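Undergrad: Before anything else, here's the structure in question.
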């Protein structure tokens with residue numbers, strides 16, 4: 176689950192954990208928060224693995240996928256919740272801001 180340790184992503188992660196899913200939680204930089212979310216999921220009795228990395232980079236994304244398969248044997252569901260904030264009005268955004 177990309178972006179699965181805060182906000183909406185965390186809520187989705189907890190919901191999936193309550194349903195019995197084994198989770199790989201991807202986070203970019205907030206390791207402390209990621210560990211807290213993983214602990215919360217672990218308390219529900221679910222298996223959880225943390226995977227730090229920037230999923231906008233192909234090499235990092237592939238490393239996370241490989242680690243998930245090595246740890247759990249397969250991937251059944253991908254929830255792509257990673258996001259980025261571009262604080263600008265859509266009408267004022269340049270093409271570079273839009274695609275960044």
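Numbering (my numbering), first residue to last: 176 to 275. Just so you know, even glycine gets a beta-carbon here, dropped at the ideal spot from N, CA and C. Keep in mind that this is a model prediction, so the values were computed, not measured.
#1: Determine the burial state of residue 253: buried for a count of at least 16 other Cβ atoms within 10 Å of its Cβ, exposed for fewer.
#2: With a Cβ-Cβ cutoff of 8 Å, do residue 200 and residue 214 count as a contact?
#3: Select from 240, 188, 250 and 228 the residue whose C-alpha is nearest the C-alpha of residue 204.
#4: Less than 8 Å between the C-beta atoms of residue 250 and residue 240, yes or no?
#5: Near residue 292, which residues of its chain fall below 8 Å by C-beta distance, leaving aside the five closest residues on each side in sequence?
TA: With the given structure in hand:
#1: Within the chain shown, residue 253 is the residue found at index 78, counting from 1. Exposed is the call here.
#2: Looking up residue 200 in the chain shown gives position 25. Looking up residue 214 in the chain shown gives position 39. No; because the gap between Cβ atoms is not below 8 Å, this pair is not in contact.
#3: Translated into the one-based positions of the chain shown, residue 204 becomes position 29. Looking at the Cα atoms, 228 is the closest of the given residues.
#4: The count along the chain shown starts at 1 and reaches residue 250 at position 75. The count along the chain shown starts at 1 and reaches residue 240 at position 65. Taking 8 Å as the Cβ cut-off, residue 250 and residue 240 qualify as a contacting pair.
#5: Outside the displayed range of the chain (176 to 275) lies residue 292, so it cannot be described from this structure.
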